[in-house]
Every structure is written in structure tokens, then in C-alpha cells.
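Taken in order, these protein sequences are the chains called A and B. For what it's worth, numbering that gives the first Met the number 0 labels the leading residue of the first sequence as 0, then goes sequentially. For what it's worth, numbering that gives the first Met the number 0 labels the leading residue of the second sequence as 0, then goes sequentially.
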Amino acid sequence: MIPAQLRQELEERVTRAVTPREAAVDVMKELQRHYGWLTDEAVAEAASLLGLTPLQVDELATFYEMIYRRPVGRIVVHVCDSISCWAMGGETLLGRLEQLLGIPAGATTADNAVTLLPCCCLGNCGNGPAMMIGDRLFGPVSPEQAADVIAAHPGAP
Amino acid sequence: MNMSDLLITRFHATGAKDGAILFRHNQPGRAVTFDDYLADGGFKALKKALAGMSPNDVQQTVIDSGLRGRGGAGFPTGRKWSFVPRNLPGPRYLICNCDEMEPGTYKDRVLLEHNPHLLVEGMALASYALGVERAFIFIRRGYEQAALNLKSAIAEARKAGFLGSAICGSAFCLDLDVHLSAGRYICGEETALMNALEGIRANPRAKPPFPAVKGLWGQPTVVNNVETLANLPTIIALGPDRFKALAATPEGAGTKLFCVSGHVCNPICLELPIGTPLGEIIDTHCGGMRPGSSFKACIPGGASTPYFTRDHWGVPMDFDPVAKAGSRLGTGGIVVFDQATCMVAATLNLVRFFARESCGWCTPCREGLPFVQHILERIEAGKGEASDIDALKDHVHKLNYAFCALAPGAMGPVEGLLRLFEDEVREHITSKKCPI
């Protein structure tokens, strides 16, 4: 169950929308912010808020890179693997992070602190290799700086 | 070390440059405020249009200016507007496409982080010309800072009477909404974008009907890129002839944002006359290649455009000259590679991106791109065969049968690889390893 205040905020967002489902991405994002990832319960709640079936919500949820339909750690580290960052050593950066965290890309650390995900171009091509934690974009991040960037993030282990 | 030094939002060290229109208002080291913008002639074009120009006059001025869409396709903006029927019942919509997810492209982010007010005024002008009363800005995941800037710019414009009802005392009303996406490349395709905005899975729609006739919620809709719309205040303020004259060549019109990345000394986003030669952008404006690097190739306009080599150094970076030279100006995202870059590996990285981003709607794209990726993986690993080259050539042709432009775009770099670097590909096959 989500808190009554969050539910009210989301209902207001849906009311402001041109059609209820226009608010779908905003609703999914807020529920994800609350639960940490888009749980089955969150999918059902989104469906009831938007007047859709859970299946219709899942069709959307599974489409977007930044909606997590599986559990993630308290921090999600996205590392760009597209062309400009690749040219500037993105693979080395990702490899260093895997080594540092002791997990392969796509996995979450055992203490549930960090999930490491390669991702599509972050639009920071002039600052490659780039990474994103939460809403914050970083770059160019050298393999040596990678640990400090994560450690400086609020909630880091 | 201070981690804020690595945060991406950072402003150009210098302010505005001569001849700039999109970066004209820029302040050294910070974003342009609403007051900066007003003091420097901001919203004068909107006032001028509302006081003395009909919507048709505005559209005609944009047609005369020669402005072509800056999102990649280069379609003439005013002509795109002219396809919108004015006699259908119900609302018309304008969408600003800020789903900037083409790898190598970051100009719209820089533009919005520096000066979101230009986009607000540009959208007001376009909406006036089109008879639009509600417009949307569709922003990709990752551009939260740009979205915040834009939202506060919208609130300030509304407070000052440039948005809302009875704008500048006229009968024109406009609401601007910011729609934040959640990350998917295909959302930049205009019909997929409309599905995304409506909260439907963002597969592209069949055309026709074209968005100009039947778009968002079935109503006539225009989709324009951020940079395209941000040009409009200058076009209205200066007039079409002076806008045209900003180009480097007599055939061109206006300026262009080039966002450069890769192995140059100074990978930045800069505003230059459209038609500035490739070599001048790299050598003069980006400080040349980084120490120890020499130029091998570049992507001239974002991930879906065929490569340029040293032979293309003098090509004016404008839509027609770049097309004539075998590529596309695209978004103006230039990715530069040095001599140590394997072009098979670079192409594999690009194809991987497109294969992963395929929405899966149509078979040629969903099945064809992973197959092409597989062939390139084999070649790069030294396990390729001579017949693989024919298979790749075949797919360059066959993926044109895909439902939308994603798969043909994905094959742009593959086509360039085979045309410009066939020897390098063959060397992978004959020596059974990557020679770089």
C-alpha cells in the first residue's frame, strides 16, 4: 500500500492529464521512487490509478530502460555503453566498476547497496565516459575516479 | 577530489560569440536567466508577431527563411507546418521533440541547460502560426536538469504574460506541458513519440495518415526538434534574409549546433554557420586531435550516419553537401575516431545499440539487427568468412523494408564500413583476428 498522500498526489496528476494514461510514465516513476523498483503491487496500483489493466501497465513498464521491473539496490549506477563513451574507454570504466563492486554488469551487490547497469547514450558524449546515478550525470569518469564517484553519492555503502 | 567537478551540467567558460543566435544570450559560467533574456531582446519576436503578423505571415517567414529541421531529417520546417489542415474540428497540437537519444548527440541538452527561454518563445511562435493552444515538450530520461530549467522558464514566461491566456494582450492562448520520458530511443521517432505521450507502448504508427493530419489523440500535430524551434525567435526578429545569410554557403540557411565527441582535444558543443567545413570544425574549433592521435574517421551526424574519412575534410556541414558526399548531416553529432580505432568494433558497438533499442514491432528490424550484430561479432573475433561481407551488403539493402527509419538508420554505419573500410574488414577475415 502506498501512503495516502502519495496516492492523492498521483490522483491529482492523473486528473490533470489530457487522458488518464497520459500520466502513466509519471505514475510509474513515482511508484518506483517509493518502492525502489516497480513491484507487482506497484503495477496493480498504477493500473487502478490510470484505469488500465495490470497487463497494460506492464506493457509500458517493460518498454522503458529506466523503469525497473526487478529489484535493484539502493543506488543504481548506469554506465553509458554507446559509441562516444565506448571510444573514450567506457568498457574499461564498466570493467573497473564490476571489479570494484565484485559483481557483473546487470547484478546487485549482496548487501543490496548498488546495482550496476550498462545503459544507452546518456547525452553526455562530450564528457565520455559518462555515468548516471539517480538524476545526476557524471563525466568524464576515469577508472581511478569510479570508486570515489559512487562513494560520494548519498546512501552509498 | 570534489565530485561536483565531475557533474555534467557545466557551462561554457565564455559567453556569447559573434554570429551566434542560439548561444547569443549565453553567459559565462551560468544559465541565462529570464531577466537576462528579456534585457537582451527576448520575447520581442513574439510581441512583433502578435502585434503585426498573421499566423500565415509567420509560417511564410519560416518558409522563406529556408529553416530545415534540426532533429536529423532536415525537412523544411515551414513546409511541414503547411501540411496541417486548418479546417478540421478539434484542437491541433505542437510537440517539441527533446528525446535526444541518438548516440553522439547532446546539443539539445546543452541548449536547454544554457537558455531554455529561446525554446519557450520559439514554441509560442510556432503555436501562433499553427493555431495551437496546447503544446508539449517531450524530454528524455537523463535530462532532468534541462527539464527543471525549462519548467522554471515556462513558469516565468507565464507570470510575465507570454504564456497562458490573452498573450501580450492578443487573443492568442497557449499552455506548455513538459512530459518526462523513461528512456527508449524509438520514442524520438515522431509517431512512436505520440504513442509514448499518450501513454501507449511506443511502437511507431503507420504513415499515412501523417501526424500533420492525424497525430496526437487523432488530431493534427506538428513535431519539431528543440533546436529547430529555438531558431524561430531570430527568424521572426531578423527576417528570413538575414537568417539565411548566417550560413557559411549561399545555399544554406542559419547556424547549426555541432556537438563533438571522441578523440579531439576539446570535445564541445558549438554554434557555427551551417555549412562550415568538417575539417575546420575539428581543427579550428575543437583544437584538432588529442595528443598522440591522428584522424581516421568520424560519424558526421549521430549514430545512424555513414562515416566520413580524411577525404571528406572539406565537405560543408550542411544537409545537401553531406548527403552528396554519401552520409547525412543528421543531428550534427560528430564522433571522431583516431588511428587506433577498429572500424569493425566501432560499427559493432553502433549496431548493438540499435539492436537493443529496436522496439520489436517489425520482423526485419527485430530479427535482422541481431543477425547483423552476430556477423560483426564473428568478424571482430577473427571468425568471419568472406561470404559474411555479402551477407552484410544484403542486409544493408533488405533492412530498408523495416516499418520505420530505425533499421535503415542502423545500417548507415554498416554501409559506410563496407564502402570505406572494406579492406579493413577483409583483413579481419583473412588474418583471423582484429588487425588494430
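Note that the Cβ used here is the ideal one computed from N, Cα and C, for glycine as well. Treat the numbers as computed from the prediction; the structure is a model and nothing was measured.
From which residue to which residue does the alpha helix (DSSP H) around residue i run?
{"i": "D34(B)", "result": "F33 to A38"}
{"i": "E426(B)", "result": "E421 to T429"}
{"i": "P369(B)", "result": "T362 to E379"}
{"i": "A78(B)", "result": "Residue identity check: residue 78(B) is Arg in the sequence provided, not Ala. From DSSP, the alpha helix (DSSP H) with R78(B) extends over T76 to S81."}
{"i": "F294(B)", "result": "Here F294(B) belongs to no alpha helix (DSSP H); instead the beta strand (DSSP E) covers F294 to I298."}
{"i": "G51(B)", "result": "K43 to G51"}
{"i": "D107(B)", "result": "K106 to H113"}
{"i": "E120(B)", "result": "H116 to L129"}
{"i": "N230(B)", "result": "That residue, N230(B), is in no alpha helix (DSSP H); it is neither H nor E in DSSP."}
{"i": "W85(A)", "result": "I82 to A86"}
{"i": "D240(B)", "result": "P239 to K243"}
{"i": "T346(B)", "result": "M342 to E356"}
{"i": "F318(B)", "result": "F318 to K323"}
{"i": "I149(A)", "result": "A145 to A150"}
According to DSSP, simplified to helix, strand and coil, what is residue i?
{"i": "K255(B)", "result": "strand"}
{"i": "N224(B)", "result": "strand"}
{"i": "I102(A)", "result": "coil"}
{"i": "R29(B)", "result": "strand"}
{"i": "S386(B)", "result": "helix"}
{"i": "E270(B)", "result": "strand"}
{"i": "K432(B)", "result": "coil"}
{"i": "A72(B)", "result": "coil"}
{"i": "A134(B)", "result": "strand"}
{"i": "L9(A)", "result": "helix"}
{"i": "I20(B)", "result": "coil"}
{"i": "I333(B)", "result": "strand"}
{"i": "R85(B)", "result": "coil"}
{"i": "M288(B)", "result": "strand"}
{"i": "P276(B)", "result": "strand"}
{"i": "F307(B)", "result": "strand"}
{"i": "G125(A)", "result": "helix"}
{"i": "R67(B)", "result": "strand"}
{"i": "T107(A)", "result": "strand"}
{"i": "G408(B)", "result": "helix"}
{"i": "P156(A)", "result": "coil"}
{"i": "P54(B)", "result": "helix"}
{"i": "V71(A)", "result": "coil"}
{"i": "G261(B)", "result": "strand"}
How is the beta strand (DSSP E) around residue i delimited, first residue to last?
{"i": "Y92(B)", "result": "Y92 to C97"}
{"i": "T114(A)", "result": "V113 to C118"}
{"i": "C79(A)", "result": "I74 to C79"}
{"i": "F137(A)", "result": "R135 to F137"}
{"i": "I132(A)", "result": "M130 to I132"}
For residue i, does the count of other Cβ atoms within 10 angstroms reach 16, so buried, or fall short, so exposed?
{"i": "A323(B)", "result": "The sequence given here has Lys at residue 323(B), not Ala. Exposed: under 16 other Cβ atoms inside 10 Å."}
{"i": "H396(B)", "result": "exposed"}
{"i": "F82(B)", "result": "exposed"}
{"i": "G51(B)", "result": "exposed"}
{"i": "D110(A)", "result": "exposed"}
{"i": "K243(B)", "result": "buried"}
{"i": "K206(B)", "result": "exposed"}
{"i": "N223(B)", "result": "buried"}
{"i": "L54(A)", "result": "exposed"}
{"i": "E379(B)", "result": "buried"}
{"i": "M0(A)", "result": "exposed"}
{"i": "K431(B)", "result": "exposed"}
{"i": "N148(B)", "result": "buried"}
{"i": "F74(B)", "result": "exposed"}
{"i": "L87(B)", "result": "exposed"}
{"i": "D107(B)", "result": "buried"}
Got a sec: is the Cβ-Cβ distance from residue i to anything in chain E below 7 Å?
{"i": "R108(B)", "result": "Protein chains A and B are contained in the structure displayed, whereas chain E is not."}
Item to complete: Note down, one range per segment and in chain order, each beta strand (DSSP E) of at least 3 residues found wholly within the segment 17 to 61 of chain A.
Response: none
Worksheet item: Name the residues in the segment 207 to 230 of chain B whose C-beta lies less than 8 Å from a C-beta of chain A; which are they?
Response: W216
Worksheet item: Which of the residues in the segment 266 to 282 of chain B, read from start to end, lie with their CB under 7 Å from any CB of chain A?
Response: P266, I267 and C268
Discussion item. Tell me which residues of the segment 62 to 84 of chain A have at least one Cβ-Cβ distance to chain B shorter than 8 Å, keeping chain order.
Written reply: F62, Y63, E64, M65, I66, D80, S81, I82 and S83
Practice prompt. Identify each residue in the segment 173 to 200 of chain B for which the Cβ-Cβ distance to at least one residue of chain A is less than 8 Å, and report them in chain order.
Written response: H178, L179, S180, A181, G182, R183, Y184, A195, L196, E197, G198, I199 and R200
Fill in: Members of the segment 309 to 338 of chain B that neighbour chain A once the beta carbon cut-off is set at 9 Å
G332, V334, V335, F336 and D337
Worksheet entry | chain A contacts made by the segment 346 to 363 of chain B, where a contact means CB separation under 9 Å | N348, L349, R351, F352, R355, E356 and C358
Discussion item. What are the residues in the segment 118 to 138 of chain A lying within 8 Å of chain B by C-beta distance?
Written reply: C118, C119, C120, L121, G122, N123, C124, G125, N126, G127, A129, M131, D134, R135, L136, F137 and G138
Practice prompt. Check each residue of the segment 241 to 260 of chain B: if its Cβ is closer than 9 Å to any Cβ of chain A, include it; give the result in chain order.
Written response: C258, V259 and S260
Fill in: chain A contacts made by the segment 135 to 165 of chain B, where a contact means CB separation under 8 Å
R139, R140, G141, Y142, E143 and Q144
Discussion item. Runs of 3 residues minimum, wholly inside the segment 136 to 217 of chain B: which ones carry the beta strand (DSSP E) assignment?
Written reply: 174 to 179
Practice prompt. Determine which residues of the segment 86 to 105 of chain B have a Cβ less than 8 Å from any Cβ of chain A, and write them out in chain order.
Written response: E99, M100, E101, P102, G103, T104 and Y105
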